[in-house]
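Sequences listed follow chains A and B, in order.
Residue 220 in the numbering used here is what sits at position 148 of the first sequence, and the numbering runs on without skipping anything.
Residue 546 in the numbering used here is what sits at position 474 of the second sequence, and the numbering runs on without skipping anything.
Working notes for the structure below.
Protein chains: 2
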Amino acid sequence: MCPIKDVTTITENKKITTLAAKNMLRTHTCGELRICDIGKNVTLTGWVQRKRDKGNIIWIDLRDRFGITQLMFEKNKTDNSILQIVDKIGREYVILAKGTVIERESKNPKLPTGDIEIQVNELVILNESATPPFTIDENTDGGEDLRMKYRYLDLRRQPLKQNIELRHRLARETRKYLDQNGFLEIETPFLIKSTPEGARDFVVPSRLHPGEFYALPQSPQTFKQLLMVAGFDRYFQIVRCFRDEDLRADRQPEFTQIDCEMSFVEQEDVLNMFEGLIKHLFTTEKNIKFDDFPKITYQEAIEKYGTDKPDIRFGMTINNISKIVQGKGFQIFDNSEVILAIVVPQAASYTRKQIDELTEFVKRPQIGMSGLAYIRYSNNEIKSSFDKFYSPDELKQIALFCNAQIGDLVLILSGNRKKTYKAMSELRLEMGNRLGLRSPNVYAPLWVVDFPLLEWDDETQRYYAMHHPFTSPKKEDISLLKTNPAQVRANAYDLVINGIEIGGGSIRIHSRELQQTMFNVLGFTNEETQQQFGFLLHAFEFGTPPHGGIALGFDRICALFGGTESIRDYIAFPKNQAARDMMIDAPSTISIEQLNELHIQINYPS
Amino acid sequence: MCPIKDVTTITENKKITTLAAKNMLRTHTCGELRICDIGKNVTLTGWVQRKRDKGNIIWIDLRDRFGITQLMFEKNKTDNSILQIVDKIGREYVILAKGTVIERESKNPKLPTGDIEIQVNELVILNESATPPFTIDENTDGGEDLRMKYRYLDLRRQPLKQNIELRHRLARETRKYLDQNGFLEIETPFLIKSTPEGARDFVVPSRLHPGEFYALPQSPQTFKQLLMVAGFDRYFQIVRCFRDEDLRADRQPEFTQIDCEMSFVEQEDVLNMFEGLIKHLFTTEKNIKFDDFPKITYQEAIEKYGTDKPDIRFGMTINNISKIVQGKGFQIFDNSEVILAIVVPQAASYTRKQIDELTEFVKRPQIGMSGLAYIRYSNNEIKSSFDKFYSPDELKQIALFCNAQIGDLVLILSGNRKKTYKAMSELRLEMGNRLGLRSPNVYAPLWVVDFPLLEWDDETQRYYAMHHPFTSPKKEDISLLKTNPAQVRANAYDLVINGIEIGGGSIRIHSRELQQTMFNVLGFTNEETQQQFGFLLHAFEFGTPPHGGIALGFDRICALFGGTESIRDYIAFPKNQAARDMMIDAPSTISIEQLNELHIQINYPS
């Protein structure tokens, strides 16, 4: 018996590998054969990765999902009819080769099958291939659009193939963990009801009910809450969700989430359970172990990092220096709502040019600051961009307030509170990048808790739910709901890893009265509430347990584990920025008969 | 340590059970405590199943997903404040109870927790409940419509709860088996392109592309084939599919299928792999083992059972007696295209009334026969409904031709071939029911193979693909495609269990030319083909491997394993016969702003 090394990433023992390998058309996969298989007669199938003609010998690298195996043909020995077939074969042809496993003369230690090759004695072309429009290699020469159109060819490339395999494993391990913790995977409907709150719905006209529409779910939120009302105790689903949004970078109109809900829980239960899930995924996929994830409040996250999605792979936290810099006659600071500083270690020696670059960075329209101030805290002297107004002692005092060490550079932004914190967060991340503190192989998870319940919107002059309208306020803040809604904190939490929001959730409202109050605070009349969420309020009358949950962005988790930026690379058939499937060319027009059946007609924009 | 008996159906060992049980609000579930837990102080949460007041003692049955535990209150001993709370509590209230586990005086052997009860010393009402509109019991008094509207209450009932748990386990075991066999679960898009072939699509208007629509997939057929082009070798997905059909009994506009595809395979590979899956599910769920599933051809299925979905839990196969009964002067038989007979064992003694009932059965409009003939093959004499035309010897010859034994009843139908086979199939099933040969606890799977590739449709005067346009014809029949399309057999197969089509699949076409020919046979012009399936034909130019697959109806599998008829009972939130979600009241109208954004307006039928 030939022991199996790491033949594939998804098969875990010999028995399984054998099962995966054997079909009527092949005896082994292209990732399977080893030195101990020498002498065996085998049949392999796959794609021609490349063909090399070295005078007397021709080699073909045969590729399938499981690996690459070298086929060998000798011009003097191999049957002439076979050589004629070899001659016809080009890149990406699908072939079947029978032959004997022999030891290679020059081995390839980089390839699991690199010790052997196949001396071919039978060869069949199963299908021909036109020349692909780009190379099927680790790094391809194809542009984005071309690769989207020929996605089935792009997916043949090793990096994309591995992404899809990674996604499979992450889904499998997620299900395993949740199943073992008593969660039931329960499917919720896709054809539901449109609600105006939240993002824009995709809708589906009903043929049987003229003038009526289903909506595709933005999340199974109300259904999972109804499952808790139904007593299912622990629910999960890896489920497609839909949002008809103008696509920003790295958004898809359809995306996948790990959706979960638990009954008879407090916030701590949900956090522990899903911290456990993330730890399980890191252990099984990367063999990385974590201590307990840190927890910081929303308030603290904003004050220290300028964002509710802090990247804590590095420090460089924000200092509010308003109090010590204001009132010294420097108008720019004195007229600012807030003055913030970060300390860049060992950067006092930055050149004028480097600092100009950073100034340009914060002046970009996306960030919109009017300038960048700094203090160089060097061995000999302390210098700043605003020396006129502050004595060296005062500058030193500022530097020390920020815990700067000699040799550090203090970067300072000032202005409107919200904008300046946001800008400082961007500048901090930029400095993290410049100093190499944001390695994709380092993972720093944390929980951000105690989010505000509501956000005021100036444009529509009303409050919006920061999370969603079903999130419960903290008990001690409920009384503020009617007097000072902006101050109410929610039992809401986000999981953030490396500055990316991986998921979020909350303990839900389970009292009918409180839910009605919440809708009222959000500006719904009782009638509107009844029409849109009546079924949920009604359900709350029949013994709803305390419950809470979380939803994790599965596409984003895959990208995080894969170590590249775009979620598109982890979706087999993604849409482009215009929400279009370039491969099948969707959306597309439909027939007039279809429109008639659906009782709709098109109003082209004038 | 207290060993755990069968606390729940989904948890397999102590560790897991403990994990599933413990939350901040409870120490144990209501299905967990045993005699060895006596003396423990515990906190339980759940719903009040019932309250019994027996003078000095009050009992409450507390229910959660995991079981029922009895709470006990003594009027003289229990704190008065607690008794006052008990007094307020009604059915379906959500409560939290702390207390001590004690041994019951009169044990309940039917309940896993029946040896113990909880002497309560702290009681909290977590939520009240209005009186449910129907009883939350094994058998409820609620009508179908009411239960659909309050689905979250209906789901609290034990039978529905168990169905949803069963579904979870079947999905889990399906994934486990396929993962272990090298299949990757790969998600395919939901927003795809409408194609006129097949059933009616649900469509989704595009906001970004005025006048254009996405379609929801009827199945991921083309995508899974493209995954084979991409080299993924073995794909599966448990995936929602959509069909906008007029709903017959037991159809849903959205349904779930186990969708699979394999590369470098022949029919035998697919059959073996998925026979393995079904065996795995029966072994793990029911501890039933099967021999190899029988295989019969479509032709044979029709001839022996009158249907391509034969129930082979019992014999009573169809005999074509045309040759031996025709030409004897009996006009009805002589004018019939076909005369068919089944032998009902030990039914010669059927009364006139019983036979009249069967005659009425075949004359029902759904079946539409004009009458039923019979032969009673008794000990003393042989009698028939058409004695005038046949001698007793001739009758006996007919009976013996059908392998009738003395005491049997031969039932005979005659008429048009297609209709008579169908009617005989119905009559056979009816007799199976009457004789108790169709127990839901007996399972008889089989493969039906060699389906015809095409079906002629009289109305539209064209051929349709019996399976779908991507199914490959048998090699030896390809030449008939242009000369005699109706005779071409397909590499297509169905899995049938107990007369229910559980799934079907085929070896696909992987040659561009053959696929184009197939579209032409189906009446597509080259232009139409290009517009609708151009992406697939184009993909076939780049090295498509031989491939095939199957799709299994997951809702139906659940119903089969659950042993009841309707798939609705296995879907958490099903639609009714009018494709309406009664609970959330969808579909519904949407706002004029939404319509405008989507560039559509409504055409109400006049």
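Idealized CB from N, CA, C, for every residue including glycine.
Since the structure is predicted, the reported quantities are computational estimates derived from the model, not experimental observations.
If you check the CB distance, Ile264(A) and Ala658(B) come in under 7 Å.
Cβ contact annotation for Thr185(B) (same chain, cutoff 8 Å, sequence separation greater than five): Cys102, Gly103, Glu104, Leu105, Arg106, Gly139, Ile140, Thr141, Gln142, in chain order. Using a CB distance cut-off of 7 Å, Trp119(A) counts as an interface residue toward chain B. Unbroken beta strand (DSSP E) stretches of 3 residues or longer found wholly inside the region 592-662 of chain B: 619-625, given in chain order. Interface annotation for the region 269-284 of chain B against chain A: Arg272, Asp273, Phe274, Val275, Val276, Pro277, Ser278, Arg279, Leu280, His281, Pro282, Gly283, Glu284, criterion Cβ-Cβ distance under 9 Å.
The C-beta of Phe614(A) has 16 or more other C-beta atoms within 10 Å across all chains shown, which makes the residue buried.
Listed in chain order, the beta strand (DSSP E) elements of length 3 or more contained wholly in the region 540-578 of chain A are 564-569.
Note on Tyr676(B): under 16 other CB atoms within 10 angstroms of its CB, so exposed under the neighbour-count rule.
The Cβ-Cβ distance between Gln559(A) and Leu553(A) does not fall below 7 Å.
Taking 7 Å as the CB threshold, Phe596(A) stays off the interface with chain B.
With a cutoff of 7 Å on beta-carbon distance, Thr369(A) and Val521(A) are scored as near each other. Residues of the region 133-147 of chain A with a C-beta atom less than 7 Å from some C-beta of chain B are Asp136, Arg137, listed in chain order. For Ser660(B), the number of other beta carbons within 10 angstroms of its own is at least 16, and it is reported as buried. Phe473(A) places its beta carbon 7 Å or farther from that of Phe402(A).
Pairing Lys435(B) with Met503(B), the inter-Cα distance amounts to about 15 Å. Within the region 604-637 of chain B, Phe607, Ala611, Glu613, Phe614, Gly615, Thr616, Pro617, Pro618 place their CB atoms closer than 7 Å to a CB of chain A, listed in sequence order.
Neighbourhood of Phe304(A) in chain B, by CB distance below 8 Å: Arg137, Leu227, Lys233, Ile236, in chain order. The C-beta of Phe542(B) comes no closer than 7 Å to any C-beta of chain A. For Thr661(B), a Cβ of chain A is located within less than 7 Å of the residue's own Cβ. C-alpha of Leu195(A) to C-alpha of Leu168(A): approximately 6 Å in a straight line.
Linking His610(B) to Arg584(B) through their CA atoms gives a straight-line distance of about 8 Å. The Cβ-Cβ distance between Ser497(A) and His539(A) does not fall below 7 Å. The three-state secondary structure of Tyr249(A), taken from DSSP, is helix. Contacts between Ile264(A) and chain B, judged by CB atoms closer than 8 Å, involve Asp653, Ile656, Ala658 in chain order. Looking at the DSSP output, Gln329(A) shares a beta bridge with Val311(A), Gly625(A).
Between the region 419-433 of chain B and the region 445-454 of chain B there are three or more C-beta pairs closer than 8 Å, enough to call the two in contact.
Counting along the chain, Thr355(B) sits inside the alpha helix (DSSP H) bounded by residues 339-358.
Arg320(B) sits exposed, since fewer than 16 C-beta atoms from the chains shown fall within 10 Å of its C-beta. Comparing alpha-carbon positions, the option among Val192(B), Asp133(B), Leu670(B), Arg279(B) lying closest to Val114(B) turns out to be Val192(B). Excluding its 5 nearest sequence neighbours in each direction, Pro205(A) has C-beta neighbours in its own chain below 7 Å: Gly214, Leu218, Tyr222, listed in chain order. For Thr172(B), the enclosing beta strand (DSSP E) starts and ends at 166-175. Collapsing the DSSP output to three states places Val410(B) in a strand.
Per the coordinates, the alpha-carbon of Val120(A) lies some 34 Å from the alpha-carbon of Gln290(B).
Against chain A, a Cβ distance below 8 Å from Arg247(B) picks out Arg244, Arg247. The C-beta of Val415(B) comes no closer than 7 Å to any C-beta of chain A.
Contact between Lys147(B) and Leu134(B) is absent: CB atoms are separated by about 19 Å, not below the 8 Å threshold.
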